[in-house]
Amino acid sequence: MEIWNLYDENRHLLPHTHVRGVPLPPNTYHLVTDVWTVNYHGEILITQRHPSKKHGGLWECNGGAALIGETSLMSAQRELHEETGIFVPVEELILLHSVKTIERFVDTYITYQNIDMSAITIQTEEVINAQFVSFDELVTMWENGLIVPRERFRQYCQDIESFVKTNKGAASQ
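Sequential numbering from 100 applies to the sequence shown in our numbering.
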């Protein structure tokens with residue numbers, strides 16, 4: 100059972116919590132985090148959702164709901180580690196985008212890591228596959244409906260592209 104903190108419309112913490120799966124009380128929000136991971140080759144890690152989940156079989160970045168007591172950064176760090184086995188210090192998570200949607204605040208992070216597929220250990224309850232793709236491949240997959248249909252991707256995809264271009268090959272310099 101997941102328990103979440105609740106927030107008001109201004110993202111102020113409320114004094115009560117919430118159990119996942121129960122409808123949220125009116126005018127309350129919970130926190131969700133997403134993480135895009137870029138490797139030293141400028142490739143972006145995506146994982147494929149388990150078929151039993153909503154949007155099963157589609158690809159996405161890593162993420163999920165923040166648990167009670169977690170900050171946004173703590174949630175992003177935990178979700179990435181749980182789903183892929185990748186541990187990233189919170190100092191290496193860069194806030195890319197933050198938005199309030201219906202019933203949630205979503206913070207999207209990006210990180211640059213020296214990893215390849217041998218570093219990935221997928222959480223089989225959540226994820227059935229993982230792969231690295233180029234930015235162009237990611238956009239094509241999104242345009243073809245293969246990426247979880249998050250409209251907010253449009254709002255920050257250019258920031259992902261800039262991050263990839265800025266950091267690609269930086270480790271060899």
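Just so it is clear, CB atoms sit at the ideal spot from N, CA and C, and this is done for glycine as well.
Note that the structure is a prediction, hence the values are computed from the model and not measured.
Endpoints, the alpha helix (DSSP H) within which Arg253 is located: Arg253 -> alpha helix (DSSP H) spans Phe252 to Asn266.
Same chain only: Cβ atoms within 6 Å of Ser271, ignoring 5 sequence neighbours per side: Note that Ser271 scores 49 on pLDDT, short of 50, meaning its location in the model is unreliable and no value can be drawn from it.
Rounded straight-line distance, which links the Cα of Asp107 to that of Val118: Each residue's alpha carbon lies about 16 Å from the other.
CB-CB length for Glu142 against Phe231, believed under 8 Å: Correct: roughly 4 Å between the Cβ atoms.
Best match in Val121, Pro122 and Tyr128 for proximity to Pro114 [C-alpha to C-alpha]: It is Tyr128.
Start-end ranges of the alpha helix (DSSP H) lying completely within the region 128-215, minimum 4 residues: Unbroken alpha helix (DSSP H) runs of no fewer than 4 residues, entirely contained in the region 128-215, are found at 171-183, following chain order.
Coil, strand or helix - Val238 by DSSP: DSSP places Val238 in helix when its eight states are reduced to three.
Thr200 to Asn126 span [Cα, whole Å]: If I take the Cα positions, the gap works out to 12 Å.
Inter-residue Cα distance where the pair is Leu172 and Thr146: For Leu172 and Thr146, the gap between their C-alpha atoms comes out near 20 Å.
Cβ-Cβ separation, Ile259 to Ile209 (assumed contact under 8 Å), whole Å: Yes, Ile209 and Ile259 are in contact; Cβ-Cβ is about 7 Å, under 8 Å.
Close beta carbons around Tyr255, own chain, < 8 Å, minus the five adjacent residues each side: Apart from the 5 residues on each side of it in sequence, Tyr255 sits with its Cβ closer than 8 Å to the Cβ of Leu195, His196 and Thr207 in its chain, given in chain order.
Cβ shell of Phe252 (< 8 Å), same chain only, five flanking positions each side left out: Cβ contact annotation for Phe252 (same chain, cutoff 8 Å, sequence separation greater than five): Trp241 and Ile246, in chain order.
Buried or exposed (CB count within 10 angstroms, at least 16 for buried), Leu237: With 16 or more other Cβ atoms within 10 Å, it is buried.
Between the CA atoms of Pro122 and Ala218 - distance to the nearest angstrom: Here the alpha carbon of Ala218 sits roughly 37 Å from the alpha carbon of Pro122.
Among Glu202, Leu130, Tyr211 and Glu182, nearest to Leu192 - alpha-carbon criterion: Taking Leu192 as reference, the option from Glu202, Leu130, Tyr211 and Glu182 with the minimal CA-CA separation is Tyr211.
Cβ separation of Thr183 and Asn213, assumed to be a contact under 8 Å, to the nearest whole Å: That belief does not hold up - the Cβ atoms of Thr183 and Asn213 are roughly 14 Å apart, past 8 Å.
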